[in-house]
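**Student:** Mind having a look at this structure? Questions to follow.
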Amino acid sequence: MPSFWSIKNIRTQIAILLAAALCIEGLMRTNLNMAMVCMVNRTALLQLKSKVESPKNTTTVVNPCRKLPSESRKGYSGEFIWTSEEQGWIFAAFYGGSLFIVIPGSYLCDYFGPTLVVQYGSVTNIIGSFITPAVSKYGGVYPMIIVRFLMGCGQGVLVPCMTVLIAHWFPKSEKSTAIAVATTGNQLSIILAMCFTAELCQIPLFGGWPLAFYIYGVLGIGFCIAWQLYVNDIPTGSKEITDIELIYITGTLVGRGQKRLQPKVPWKKILKSVTIWSIALNSFAQSFALVGMITYLPLYYRSILNMDLTSNGVLSAMPFVIQFITKVIFASLADEAKKHGFTVNFVTKFCNLFASLGTAACYLLLMLFDCSQQWKAVIFVSLSMGLISGFIPGYNTSIVSVAPIYTSSIASFCRLWATLASIASPYLIGLLVKEVIFIIYSLIYYLFISVIKSDLSFIDIFFFRYRIDYKLVPIFCFTAYDRL
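Under this note's numbering, the first residue of the sequence shown is numbered -14, with each subsequent residue one higher.
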């Protein structure tokens, strides 16, 4: 049995390249979250707001955590006067593009193959990254929304294609670990984007923050070259894979050298499946909480906890360092549990329950901390991101397990709901954050908790009362070859 952790194995190389794909494209997505606090001149916004809203008979409430030092002295000397609502639209536009492409993306993945579709999506993001500084400077908010929308289209195809590759390249006993390794690219991208973008903002070359978009674009070019050289759609199409590894993955040498199958997708049966709807709602809940946290964590650290730019970058990255580690631990433990006799159903449900309850509890406690308790807030933000990793061996594993031959369609359907959450979360938070005050952020955390609790209620009603058949028989029928 070839070990998963040997770099000589082709499937291990595939997992690493998938992690690289999520990392590089994630850099081009999440660097705006940190760059935005450098791009926007908050002092000018506050002055503009004071001119527009100047009631005569008002009572001033002094907030002990609200300091007003020079923004430039803290590294936040932005040049754009964009309101929180406009920033919310820019953030949401990316996920709007992902929403637009999510269903067509599954057909593109089935027709052209995941390898080629990921390549074209990456090129779209590289171009968008390079032109972002010029568009933001000379175009303004609305052209930026268009650019981010197109970048969202380019990146929206990545997750369905990734799930197809994992479904094809890894046996059932390794799927959770493969997903965990591949998706560590998300956390790595956030860590790098938060830390390096914060430092690049303070470099005078090209104005500081544009450097991030240029550097990450160059990294994207390097990734595209490696992806083209080493990734193949299915194990039987790989020339480098050994017979031992091929048999371990597929159970047979039959079909070596064959191309992909293009099955007809039974959408009616998919949409009637309670299992699929349960997975989709899990996707919505996780994305709502996670995207909201990723998008507004730098702003929360700056405005509520009063951190300087360097501390903001490092401490914004810390939760995702924790998540990087815990997702591999969760997935490895889950796969070990399966090898020791625990059913896939039990492991999936338990991990999902643990992630949901743990994350909601952390968000509840975060409502208690202000700038006088910075480290407590940082600890519970980090803990929430660590516990949310339980969704990897939870519903994420279900996506690639319920029907491997239809993985791209199921993944796209679940991605549709995740993308809706990814649009709604930054937009709703953008509407709430008209005033940077502690009570508003408490309300945001309560919103996260409410969404996660709704997810738990659905799981209690359906996910635990309906046995999940990971072959979805008789809903789906397979040949021996289909059970990759």
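Glycine residues also receive a C-beta, built at the ideal position from the N, C-alpha and C atoms. None of the values given here were measured: they were computed from a predicted structure.
(1) Which of the three DSSP states is assigned to Val87 in this structure?
(2) With the cut-off set at 7 Å, would you say Arg483 and Ala78 are in Cβ contact?
(3) Is it the case that the Cβ atoms of Trp194 and Ala20 are separated by a distance below 7 Å?
(4) According to DSSP, is Val259 helix, strand or coil?
(5) Spell out the partners DSSP gives Lys25 in its beta bridges.
(6) Rank Ile130, Val102, Ala119, Ala270 by C-alpha distance to the C-alpha of Gly81 and give the top, closest one.
(7) Using 8 Å as the Cβ pair cut-off and three pairs as the minimum, do the stretch 365 to 380 and the stretch 327 to 335 touch?
(8) Over what stretch of residues does the alpha helix (DSSP H) that includes Ala163 continue unbroken?
(9) With a Cβ-Cβ cutoff of 7 Å, do Glu71 and Val126 count as a contact?
(10) Exposed or buried, what is His153 when buried is set at 16 or more other beta-carbons lying within 10 Å of its beta-carbon?
(11) Measure the alpha-carbon distance for Glu225 versus Asp293 and round it to whole angstroms.
(12) I'd like the list of long-range same chain contacts for Phe76, defined as Cβ closer than 6 Å, with 5 residues on each side in sequence excluded.
(13) Under the rule that 16 or more other beta-carbon atoms within 10 Å means buried, what is Tyr451, buried or exposed?
(14) Determine the burial state of Val203: buried for a count of at least 16 other Cβ atoms within 10 Å of its Cβ, exposed for fewer.
(15) For Leu290, count the other beta carbons within 10 Å of its own beta carbon; 16 or more makes it buried, fewer makes it exposed. Which is it?
(16) Where do the ends of the alpha helix (DSSP H) carrying Asp218 lie?
(17) What residue does the alpha helix (DSSP H) around Asn152 start on, and which one ends it?
(18) Which of the three DSSP states is assigned to Ala226 in this structure?
(19) Quick one, are the C-beta atoms of Leu2 and Val216 less than 7 Å apart?
(20) For the alpha helix (DSSP H) that Lys122 lies in, which residues bound it at each end?
(21) Starting from Ser367 and walking both ways along the alpha helix (DSSP H), at which residues does that stretch end?
**Tutor:** Put simply:
(1) helix
(2) An answer regarding residue 483 cannot be provided, because it is not within the stretch -14 to 469 covered by the chain.
(3) yes
(4) helix
(5) With the sequence shown as reference, residue 25 is identified as Val, and Lys is not the correct amino acid for it. Bridge partners of Val25: Phe65.
(6) Ile130
(7) yes
(8) 160 to 185
(9) yes
(10) buried
(11) 50 Å
(12) Thr280, Pro411
(13) Only weak support is given to the placement of Tyr451: the predicted model assigns it a pLDDT of 37, under 50, and the value that follows is read from those uncertain coordinates. Label assigned to Tyr451: exposed.
(14) exposed
(15) buried
(16) It is not in any alpha helix (DSSP H) - Asp218 carries neither H nor E in the DSSP assignment.
(17) Before going further, note that residue 152 is Ala rather than Asn in the sequence given. Per DSSP, Ala152 belongs to the alpha helix (DSSP H) from 143 to 154.
(18) A small correction: the amino acid at residue 226 is Ile; Ala does not occupy that position in the sequence shown. Ile226 falls in the coil class under three-state DSSP.
(19) yes
(20) 99 to 123
(21) 359 to 372
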